[in-house]
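The structure appears below as structure tokens.
Residue numbers (this note's numbering), protein chains in the order written: chain A, 7 to 312; chain B, 41 to 544; chain C, 4 to 281.
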């Protein structure tokens, strides 16, 4: 078990390092922020001076080594555009991102899992089809469209919810629905298959033969075993919920790291982009590790080494 | 099939329903009298006024800091921290500094702070992106009890216009806390001070009691960051925001039916123009460039796509800037003649790469494309992100493509800040070289004689008219949406002075 | 949706066939040139008639182009983006997965680490970055989508290959002297094709949405050519004032994505013997 965890951590370090390197070189190949920083009338000479001061005229490999060295000291660096520590920029956005991720997970799980169970239990019925339509509908609309429609309806016409920004729980509702709708289908689908799978097993048939109702059978036996694949989906979806929220965050003016990432890429604020990717891949890896552990807790039959 | 039908119907009914309902006016909210909420498209990049000057940052920090000089609502340069000034020699200008200004920490603003502000921004080690606007200044010195003298390399007529952008920062405070802390917790001498700055979310300013320039009109001003155009408009209609910056002409039109809000627009010094590459490809031939100038229907563009929120210009400059020539007529809109010229140049069907980025209005670019295609060219749009666009546009003549649309403002309201960088030989923007033009704009840059400068610019614009390295299209309006009760007159340099606003 | 060939699934397949049919025939069935602008007729509602230009059944867009023609023509771009990018990632992902699953050892370690790396970078960020480096074009768009999505196929192909490779008849073929490429193509690939097809169908819908997202960020199909995503992103500022610009392409996009999702689910049920045992 310990050896397994050590192996996984080793893999995680390799992955993180790979992510870092890939993004570093992709970013540098895409240019640098000097041209975006100078006023329109600046001359080639003035631009060259600023570029030199910012250090972007050094060979790529030198910049890369310097970055790694700085990172090893636990320093994420200074944003060249905002002129403040990257750690504090990222730190100020993480709470909002966490709120939105949690909110949309609640939506996705809260609708997706019951829908999935219902779809399995009442298989082939009209109910299954209606639920399937609802769940897939959420996944079939571009979020920039559904987002603006919600803003207009609930924000402007009805005036029930704030149109944008962060102001407590009410402002979290619409972005959570827009984002949660995307992963709702994954949860419903996994749950449905898992429950169908369990329902077909002998022990359920035996329990039902003993006179246990279908509902009770689901609650008592099936839920526990069906939880495993659902946890996997949750771990996989976290990455999407964190920085895949780019468009939802832009539409709702939600200050999470998705919006920050897209702005930082546009501004070629390298260190901010690198820090975000580092953070997201770290969370992604940790979540997958946790999912492993959760399996073991839910189902002791699964050994961690398998 | 039940699934699909239900889903389709639900989607269609909801969307059409919402669209229909939106026509109904939003409930008018009682105007808060002491708080103003502003939606900006971008976050403040830096609160340090000497590090960034993009319009959004400027909209916020300009209310925290006073500048050496400023422009009044009619666009004239007037004193702010400086009460008056005079030229001692063509390269020396002496400013008298007001002695009744205090920074928000209570300390007095002195001539030493002014000198420090100039030296700080012009010090290469400080890495200010604004350095290029002030690097003509060679020295700043305290030369009397309330006097500061600036010396320039050579006579520099645009100095005052550039100094409009110089914010005065507190020397003692910055030296005590350092640049990073100053950026996070700035202290200025302006009507508002920074109370709270949540990056990417909002900046909150509160009124400075006893501001030397009068009583600020609101106790509290909240600047929110809302990137999406449609969301800003929704915020305004729902009463979440009192004033929103940068809305589209079409949104402006649709806001007119809502009586709770109004549109505030002003012609700015920003010129919409078409860059035409004179050093590469089919447009190397001046006939093709002239044909392009004749193929574009400016008035059609403005009335159809800009809803009248723009005015046609004759050259690549707006009348809001010094040097706008009178008496130069643009090439007439004449597609037949343009097509004939292109035929004569043997450029029928020539492929013209048209560089652009999402920062520019897409419908204008596509309309221009069609206008040029109709006279026999084949325009190919290359849309990329802003950083890549700038890299290519400022690259070699070959990288810069044949055409590009731009919205240019030097924030100095002077021809020097526009046609010099755009068309002078060797400038990164210029894909054009004409020594007579260079001579004229160089001369206009190094004399303080306004009449001589006007004459030089007239010569320069006549050359540009003949050679067509660019086509002036329109003077763009800055468009704001505001609650009906808010009174404010926006200015051509897109300044956002809270001091000039008030509730009705 | 229980894996049997029901009227429902026939209808879905029928609808998808209509989409493909329209997309292929687009150049011949559009009522107007989808690129032709009439600035004086911009933002006209559906069922507009102009004496000089004729009927605009779905109205016009913000530069006065016929929306119906653009939506029909846009079907081509959107479906092409879906089909081509899925092909690119399906092909490369499967090849890597097969190789990793068959040879195992260091090849598997390297491939699966690269899979982890690409998967742990949010796809939209990777796409935006790659477009910034490569520059925008239709080919690059396909490449970018392919590059960011192949690991999903690799994971499936790898796991399936590992399982299948241990089956007795594969071992037998190996003993009989069959060479690796032959075994992989003839014996293993047919066995793992099902699960891969399931991934491919859902990815197809996602790719169409992904292109719409990139269009929203200004990095999708190059203007003035239409895709459903680019029409909708041009219409995003007119959701209230000119609803037709987003509603019609939105419904088409919605329909296709819904169809392929339902199809994918049906395929999954068909392929998974346990799920249909009840």
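Every residue, glycine too, gets a C-beta built ideally from N, C-alpha and C.
Discussion item. In whole angstroms, give me the CA-to-CA distance for residue 541 of chain B and residue 96 of chain C.
Written reply: 60 Å
Discussion item. Check whether chain B comes within 8 Å of residue 27 of chain A, counting only Cβ atoms and requiring the distance to be less than that.
Written reply: no
Discussion item. Does the CB of residue 263 of chain C have a neighbour CB from chain B at under 8 Å?
Written reply: no
Discussion item. Using beta carbons (cut-off 8 Å, strictly below), is residue 293 of chain B in contact with chain A?
Written reply: no
Worksheet entry | Contacts of residue 403 of chain B in chain C (Cβ-Cβ under 7 Å) | 65, 66
Discussion item. I'd like the span of the alpha helix (DSSP H) that includes residue 96 of chain B, first residue to last.
Written reply: 95 to 101
Worksheet item: In this structure, does DSSP put residue 317 of chain A in helix, strand or coil?
Response: With chain A covering 7 to 312 only, the question about residue 317 of chain A has no answer from this structure.
Discussion item. Tell me the DSSP secondary structure of residue 286 of chain B in three-state form.
Written reply: coil
Worksheet item: What is the residue span of the alpha helix (DSSP H) that residue 58 of chain A lies within?
Response: 50 to 60
Worksheet item: Whole-angstrom Cβ separation of residue 333 of chain B and residue 375 of chain B, contact assumed at under 8 Å?
Response: Actually they are not in contact, since the Cβ atoms of residue 333 of chain B and residue 375 of chain B sit about 12 Å apart, beyond 8 Å.
Practice prompt. Scan the region 219 to 243 of chain B for residues whose Cβ lies nearer than 7 Å to a Cβ of chain A and list them as they occur along the chain.
Written response: 220, 223, 224, 238, 239, 240, 241
Worksheet item: Which residue from A/194, A/206, A/217 puts its Cα closest to that of residue 119 of chain A?
Response: A/194
Item to complete: Starting from the Cα of residue 522 of chain B, find the closest Cα among B/85, B/208, B/299, B/235 and give me that residue.
Response: B/299
Worksheet entry | 7 Å Cβ cut-off: residues of chain B touching residue 237 of chain C | 402
Worksheet entry | Start and end residues, alpha helix (DSSP H) containing residue 100 of chain A | 92 to 127
Worksheet item: residue 259 of chain A: buried (16+ other C-beta within 10 angstroms of its C-beta) or exposed?
Response: buried
Practice prompt. For residue 268 of chain C, return the contacting residues in chain A, with the cut-off set at a CB-CB distance below 8 Å.
Written response: 138, 195
Worksheet entry | Enclosing beta strand (DSSP E) for residue 445 of chain B [first to last residue] | 443 to 448
Worksheet item: Taking 8 Å as the CB-CB cut-off, is residue 8 of chain C touching chain A?
Response: no
Fill in: Span of the alpha helix (DSSP H) around residue 549 of chain B
The question about residue 549 of chain B has no answer here: the residues shown for chain B are numbered 41 through 544.
Fill in: DSSP state of residue 110 of chain B mapped onto helix, strand, coil
strand
Worksheet item: In angstroms, rounded to a whole number, what distance separates the CA positions of residue 244 of chain B and residue 137 of chain A?
Response: 45 Å
Item to complete: Would you mind sorting residue 8 of chain C into buried or exposed? The rule is 16 or more other CB atoms within 10 Å of its CB.
Response: exposed
Item to complete: Express the C-alpha separation of residue 450 of chain B and residue 360 of chain B in angstroms, rounding to a whole number.
Response: 12 Å
Worksheet entry | Residues within the region 438 to 457 of chain B neighbouring chain A, beta-carbon criterion of under 7 Å | 448, 450, 457
Item to complete: Kindly indicate which three-state DSSP category residue 32 of chain C falls into: helix, strand or coil?
Response: helix
Worksheet item: First and last residue of the beta strand (DSSP E) that includes residue 79 of chain B?
Response: 75 to 80
Worksheet item: Less than 8 Å separating the beta-carbons of residue 461 of chain B and residue 423 of chain B?
Response: no
Worksheet item: Along the region 46 to 58 of chain A, what residues have a CB closer than 8 Å to any CB found in chain B?
Response: 46, 47, 48, 49, 50, 52, 53, 55, 56
Worksheet entry | Alpha carbon of residue 153 of chain B to alpha carbon of residue 187 of chain B, nearest angstrom | 12 Å
Fill in: Neighbourhood of residue 199 of chain B by C-beta distance below 8 Å, restricted to the same chain and skipping five residues each side
133, 176, 177, 190, 192
Fill in: CB of residue 307 of chain B within 8 Å of CB of residue 517 of chain B, strictly
yes
Item to complete: Indicate the three-state DSSP secondary structure (helix, strand or coil) for residue 338 of chain B in the structure shown.
Response: helix
Worksheet item: When we look at the beta-carbon of residue 32 of chain C and count the other beta-carbons within 10 Å, is it buried (16 or more) or exposed?
Response: exposed
Discussion item. When you compare the CB of residue 122 of chain A with every CB in chain C, is at least one pair closer than 8 Å?
Written reply: no
Worksheet item: Below 8 Å between beta carbons: does that hold for residue 481 of chain B and residue 326 of chain B?
Response: no
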